[in-house]
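What follows is a short report on a single structure.
Number of protein chains: 2
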Amino acid sequence: MTQVGIIGLGSMGMGMALCVASKGMRIAGFDLNPAAVAKLVEAGGHAVSSAAKAAQNANILLVVVVNAAQTEAILFGENGAASAMAEGGVIISCATMAPDDARRLAAAAQALGLSYLDAPISGGAAKAAAGQLTVMASGTAAAFEKARPVLNAMATTVYELGSSAGIGASFKMVNQLLAGVHIAAACEAMTFAKKLGLDLPTVFKVITASAGNSWMFENRVPHILDGDYSPQSAVSIFTKDLGIVSDMGRREKFPLQIAATALQMFLMTAASGKEQDDDASVACMIAEMTGLELPSKSRVR
Amino acid sequence: MTQVGIIGLGSMGMGMALCVASKGMRIAGFDLNPAAVAKLVEAGGHAVSSAAKAAQNANILLVVVVNAAQTEAILFGENGAASAMAEGGVIISCATMAPDDARRLAAAAQALGLSYLDAPISGGAAKAAAGQLTVMASGTAAAFEKARPVLNAMATTVYELGSSAGIGASFKMVNQLLAGVHIAAACEAMTFAKKLGLDLPTVFKVITASAGNSWMFENRVPHILDGDYSPQSAVSIFTKDLGIVSDMGRREKFPLQIAATALQMFLMTAASGKEQDDDASVACMIAEMTGLELPSKSRVR
Numbered sequence: 044m045t046q047v048g049i050i051g052l053g054s055m056g057m058g059m060a061l062c063v064a065s066k067g068m069r070i071a072g073f074d075l076n077p078a079a080v081a082k083l084v085e086a087g088g089h090a091v092s093s094a095a096k097a098a099q100n101a102n103i104l105l106v107v108v109v110n111a112a113q114t115e116a117i118l119f120g121e122n123g124a125a126s127a128m129a130e131g132g133v134i135i136s137c138a139t140m141a142p143d144d145a146r147r148l149a150a151a152a153q154a155l156g157l158s159y160l161d162a163p164i165s166g167g168a169a170k171a172a173a174g175q176l177t178v179m180a181s182g183t184a185a186a187f188e189k190a191r192p193v194l195n196a197m198a199t200t201v202y203e204l205g206s207s208a209g210i211g212a213s214f215k216m217v218n219q220l221l222a223g224v225h226i227a228a229a230c231e232a233m234t235f236a237k238k239l240g241l242d243l244p245t246v247f248k249v250i251t252a253s254a255g256n257s258w259m260f261e262n263r264v265p266h267i268l269d270g271d272y273s274p275q276s277a278v279s280i281f282t283k284d285l286g287i288v289s290d291m292g293r294r295e296k297f298p299l300q301i302a303a304t305a306l307q308m309f310l311m312t313a314a315s316g317k318e319q320d321d322d323a324s325v326a327c328m329i330a331e332m333t334g335l336e337l338p339s340k341s342r343v344r
Numbered sequence: 044m045t046q047v048g049i050i051g052l053g054s055m056g057m058g059m060a061l062c063v064a065s066k067g068m069r070i071a072g073f074d075l076n077p078a079a080v081a082k083l084v085e086a087g088g089h090a091v092s093s094a095a096k097a098a099q100n101a102n103i104l105l106v107v108v109v110n111a112a113q114t115e116a117i118l119f120g121e122n123g124a125a126s127a128m129a130e131g132g133v134i135i136s137c138a139t140m141a142p143d144d145a146r147r148l149a150a151a152a153q154a155l156g157l158s159y160l161d162a163p164i165s166g167g168a169a170k171a172a173a174g175q176l177t178v179m180a181s182g183t184a185a186a187f188e189k190a191r192p193v194l195n196a197m198a199t200t201v202y203e204l205g206s207s208a209g210i211g212a213s214f215k216m217v218n219q220l221l222a223g224v225h226i227a228a229a230c231e232a233m234t235f236a237k238k239l240g241l242d243l244p245t246v247f248k249v250i251t252a253s254a255g256n257s258w259m260f261e262n263r264v265p266h267i268l269d270g271d272y273s274p275q276s277a278v279s280i281f282t283k284d285l286g287i288v289s290d291m292g293r294r295e296k297f298p299l300q301i302a303a304t305a306l307q308m309f310l311m312t313a314a315s316g317k318e319q320d321d322d323a324s325v326a327c328m329i330a331e332m333t334g335l336e337l338p339s340k341s342r343v344r
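Going down the list, the sequences are from chains A and B. Reading the first sequence from the start, the letters are residues 44 to 344 in the numbering used here. Reading the second sequence from the start, the letters are residues 44 to 344 in the numbering used here.
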């Protein structure tokens, strides 16, 4: 029977773990937060006390941590998880990272006789809980074949984008470039609309039906209208992801003007004390700078 | 019977004029291009030899020209059209312009006993021809009431956004800010994807199903994939519209970082000789700068 390990039970990893458990697969999970591990046990999973133990004899190992450095330390650092896996096992690496990092990690896995799927995810916590993530993945056909039951348990859409690591990461970074720019643009446009004296709910209604619409405008502007900046996705995610995009551009000697501007707007927002707030709080940063009053949660509720 | 006049029979104005004529309304049209006027006559319209003659005894006058300066010259310049209109007539002003300009034109109309609808349009030539435009309009209830048969002939969606001129223009400029940024971002993302070695049609498929999508990404990226930059909407439209946005920001002392960056990208594209090409040719400018080869029309056809 397939043994699945998972390292990282945050909001995304937890949803994925519970979906895998609900399909009757054997799963062992590790997280630094004991409450998260307890929740997995309730759902029929197995709790273990280290990353290496989560990987013990695993045929499939999900790594759902923040970035390339964490992924690398967990897999290949001291007491690394990769060497504890079953022979011929597949690592499904979900962190958003630069393509070069994904390629380096895949090479390290291969050196241990393991397969590596470069498999960044998107969709957010609610879709993770429902097993409805989107995976932008690349890796060998054999690795996809072995990983398929787990991928199908956690995602409704699995893009198989190529046979080598780095391609999945590249697609994810192109998506993050656009997503970050669109959030910053939505915040700039809504605060500008406020400055012009427009009724913001009407702006939302008109723009979402017009050529100025974006997935992010539609998703994030309601946070501004509700004055609710509890972090569904924090500013720090985009300082990180647009930071990776910026690094990639410099490495490739490729100018990314509009992504660079959006990164600066997220950095300004983080610098003004909102790093852990929802990413729509770019609008709050602009409103504070310009002396505008946006809807506040207490007033609208 | 209502007499309608129209000044400006470009791709938008022509579609609108033909829709109005097809509803059996009496319409007289003027354009500097005789071929355009002839087409209106074929459809049952009336050809006249000046803007003032198009306005002669008109109850409703559509002005569908490029900008505020043209609109002002036509309406209130030497031999201006406004003073030829029927008593109590309504001007429907469709050019994209700054709110201050719309307010100034409305005041001039009012001084002549006329009403003014600040009524920028969107949707493009195809929707204009089908009578399916979107109008972002403001003006008095009485003006809307008189103009409604004409508005209904040309548009499927008429937003009534407020009782005074300037509000319609403000909504349109917020939409143009977002639209311009999203085109520039789409071009930056697609060329970056090419630099990363990704398959561009697959990028289009994945992004349009992901959080990085925008209306403009979905609409303009096919031009890049087809290598077809025949102008459905030219670069010059966005140097103009983001120029207006930029002027508005300076007047309001309101920073517009991401719109400013997008404007620079359209200016770079215009400066490199593509001002009259499709606005997706921002991607060509980036590709030329960075030595990338995008799909070309001859190769893909």
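Even for Gly, the Cβ is constructed at its ideal location relative to N, Cα and C. Only a predicted model underlies this, so the values are computations on that prediction, with no experimental measurement involved.
- Neighbourhood of B:Y159 in chain A, by CB distance below 7 Å: empty, with the nearest CB roughly 19 Å away.
- Around A:A127, the same chain offers A95, A98, Q99 as residues with beta carbons nearer than 6 Å, after the five sequence neighbours per side are excluded.
- Collapsing the DSSP output to three states places A:E85 in a helix.
- Chain B has a Cβ within less than 8 Å of the Cβ of A:P142.
- Short of 8 Å from the beta carbon of B:A149, and not among the five residues preceding or following it, lie these beta carbons of its own chain, in chain order: Y159, D161, G182, S207, A208, G209.
- Under DSSP, B:Y202 shares a beta bridge with B:M179.
- A:K248 sits exposed, since fewer than 16 C-beta atoms from the chains shown fall within 10 Å of its C-beta.
- By the 16-neighbour rule on beta-carbons within 10 angstroms, B:Q319 is exposed.
- In this structure, A:A236 keeps its C-beta atom at 8 Å or more from the C-beta atom of A:V224.
- Taking a cut-off of 8 Å for Cβ pairs, the segment 253-261 of chain A and the segment 254-261 of chain B touch, as three or more such pairs fall below it.
- Along the segment 289-305 of chain B, the positions whose C-beta sits under 9 Å from a C-beta of chain A are M291, G292, E295, K296, F297, P298, L299, Q300, I301, A302, A303, T304, A305, read in chain order.
- For B:V106, the enclosing beta strand (DSSP E) stretches over residues 103-106.
- The closest CA to that of A:L335, considering only B:G67, B:G48, B:P274, B:F297, is found on B:F297.
- Where A:D284 is concerned, the enclosing alpha helix (DSSP H) starts and stops at 278-295.
- Residues G270, D271 of the same chain have their beta carbon placed closer than 6 Å to that of A:K340, with the five preceding and five following residues left out of the count.
- For A:A198, no chain B residue has a C-beta closer than 8 Å to its own C-beta; the minimum C-beta separation is roughly 12 Å.
- The bridge partners DSSP lists for B:S257 are A:S257.
- Against chain A, the beta carbon of B:V217 has neighbours under 9 Å at A232, M233, F235, A236, L239, L241, V246, V249, I250, G255, listed in chain order.
- Among the bridge pairs identified by DSSP, B:L160 is matched with B:I135.
- DSSP places B:Q46 in the strand class (E or B) of the three-state scheme.
- With respect to chain A, the C-beta atom of B:F309 has no partner C-beta closer than 8 Å.
- Sequence-distant partners of B:I135 (beyond 5 residues in either direction) whose C-beta falls short of 6 Å from its own C-beta, in its chain, are L105, L160, A162, A190.
- Around the beta carbon of B:A184, a 10 Å sphere encloses fewer than 16 other beta carbons of the protein chains shown; the residue is thus reported as exposed.
- Taking the CA atoms as reference points, A:C137 sits about 16 Å from A:N102.
- Contact check for B:Q219 against B:T304 fails: the beta carbons are separated by 8 Å or more.
- Among the residues of chain A, those whose CB is under 9 Å from the CB of B:M179 are V249, S253, following chain order.
- Sixteen is the threshold: since fewer than 16 other Cβ atoms of the shown chains lie within 10 Å of the Cβ of B:L75, the residue is exposed.
- DSSP places B:G56 in the uninterrupted alpha helix (DSSP H) bounded by 54-65.
- Around the beta carbon of A:S324, 16 or more other beta carbons lie within 10 angstroms, which makes this residue buried.
- Straight through space, the alpha carbons of B:V63 and B:G132 are spaced by roughly 17 Å.
- For A:T200, the closest alpha carbon among the candidates A:F214, A:A212, A:V178, A:V217 is that of A:V178.
- Note on geometry: alpha-carbon atoms of B:V109 and B:S279 lie some 11 Å from one another.
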